[in-house]
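> One rule links them: number in this note's numbering = place in the sequence shown (from 1) + 706.
Note that CB positions come from ideal geometry on N, CA and C, so glycine has one too.
Please find one structure pasted underneath; my questions will follow.
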Amino acid sequence: RDVNWVSTDLKKPNRVVVNTPDRVLVSQDAGATWREMSRALPYRHSRNVVCFQGENVVVGTGGNGVFYAPISSLTG
């Protein structure tokens, strides 16, 4: 699978978030398993910037603003 953006959580190094051409995936165990951010996220695009802010996954888009969701709400 293509991955266009990768970010780790500096306070919890086992957390990784990636942006692919069609979804945002989060791992809390250094990549052993992955959970998906809601597909309701508007403007899913491979160039979206992803990162962590506390217990949230944050996605910056190229036109629709910044969106976030609590890690506890992710599916998968």
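Let me confirm a value: V732 is counted as buried when at least 16 other C-beta atoms fall within 10 Å, else exposed. Which label applies?
Looking at its Cβ environment, which holds 16 or more other Cβ atoms inside 10 Å, V732 is buried.
> Are the CB atoms of V723 and V763 within a distance shorter than 9 Å?
Closer than 9 Å, so yes.
> Determine the burial state of T730: buried for a count of at least 16 other Cβ atoms within 10 Å of its Cβ, exposed for fewer.
In the sequence as displayed, the identity of residue 730 is Val instead of Thr. Looking at its Cβ environment, which holds 16 or more other Cβ atoms inside 10 Å, V730 is buried.
> So, with DSSP's three-state summary, where would you put S778?
If DSSP states are grouped into helix, strand and coil, S778 belongs with the helices.
> Which term fits D735, buried or exposed, when burial requires 16 or more other beta carbons within 10 angstroms of its beta carbon?
So D735 ends up on the exposed side.
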